[in-house]
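Last residue of the sequence shown: 637 (my numbering), numbering continuous.
For every residue, glycine included, the Cβ atom is placed at its ideal position computed from N, Cα and C.
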Amino acid sequence: MIEVLFLGVGAALPMSGQTNSSYLLRTDKACILIDCGPAIMQQLSAVGVSPGEITHVYFTHRHGDHCLGFPMLMLWWAISAPPAATYPVVIAGELTFKSLEQLVAAIFGGDTEGLLGRIERVTLPDRQPSVVHLTPEITLHTQPLNHAEFAPDLGARFEIGGKVLAFTGDTSPTDNILVLARDADLLVHDSTYCATLNPEFSAGIYGHSTAQISARNATAAGVRRLALAHIDALYEGRQQVLLEEAQRDYRGQVSIPVAGTLFSF
Ligand SMILES: [Zn+2]
């Protein structure tokens, strides 16, 4: 079994009633949370998943919409998990880990040992590709993408039993996206903006992409299925325009998932 369950596809400040971009990648033995924004506890509860099911937490980068929920997720483990429970493995770049430690210290009085002492860490280089064998079945390849100097983004490519699931996180165009997504069964791509409605953003802006860029990358990388994510609140009620924009440059299946959308592979 390989599933991707969408918890939200909003940008930093999502549309009304929607939430930040976050996903669960599930197999028979693992449940990987990809990004952990401020509403993560509500997002998990909305799809009926207990934080205790999470085996790994992967962070694309350290901006608030991707990591502000982490202290509360850790608080759940400290208070509600059975004493012998195995805490999730946390996977992030060096700078992201720095922010996670500062967040936990600022909120819980410096008690980083109590909350962070029991997690296993996988620390990745912020600006180079890397490969990590998360489990015997799951290999993670990361690629540095093109977001912000302060918050470098690491795109994730999970290879699981011949299937490939790729997640860009936040990025403007870079050739590394093609390496990340090569022949992927699913690509979840930053589509913050819409080139049709905002042609001035066509080349990507503020470290983000358009639906058109996502579609062109998906086509160039030979991707089988594309999900547009991190959609700006600017396009509330006009998501169809982003979808049609993507369909013009990509012939595969493309969608803007809502919270609770489940893809099986
Ligand atoms: Zn973001």
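{"query": "Inspect the beta-carbon positions of ALA456 and HIS428 and report whether they are closer than 8 Å.", "result": "no"}
{"query": "Under a Cβ-count criterion, where at least 16 other Cβ atoms within 10 Å of its own Cβ denotes burial, should PHE530 be classed as buried or exposed?", "result": "buried"}
{"query": "Using only the heavy atoms of ligand 1, determine whether one of them is closer than 7 Å to the beta carbon of HIS438.", "result": "yes"}
{"query": "May I have the straight-line CA-CA distance separating ARG610 from ALA418, to the nearest angstrom?", "result": "24 Å"}
{"query": "Answer yes or no: do THR514 and SER502 have a C-beta to C-beta separation smaller than 8 Å?", "result": "yes"}
{"query": "Is the separation between the beta-carbon of GLU608 and that of THR568 shorter than 8 Å?", "result": "no"}
{"query": "Could you spell out where the alpha helix (DSSP H) holding CYS439 opens and where it closes?", "result": "436-439"}
{"query": "Just to confirm, are GLU466 and PRO516 a CB contact at a threshold of 8 Å?", "result": "no"}
{"query": "Among LEU600, ASP542, VAL376 and LEU614, which residue has its Cα nearest to the Cα of CYS566?", "result": "LEU614"}
{"query": "Rounded to the nearest angstrom, what separates THR507 and ILE374 at their Cα positions?", "result": "14 Å"}
{"query": "Starting from SER586, trace the alpha helix (DSSP H) both ways and give me its first and last residue.", "result": "583-593"}
{"query": "Determine, using beta-carbon pairs with one atom in the region 538-556 and one in the region 463-480, whether at least three such pairs fall under 8 Å.", "result": "no"}
{"query": "Use the C-beta contact count for SER563: other C-beta atoms within 10 angstroms, 16 or more gives buried, fewer gives exposed.", "result": "buried"}
{"query": "Ligand 1 and CYS583: does the residue's C-beta get closer than 7 Å to at least one heavy atom of that ligand?", "result": "For clarity, residue 583 is Ala in the given sequence; the question names Cys instead. Every heavy atom of ligand 1 is 7 Å or more from the Cβ of ALA583, so no."}
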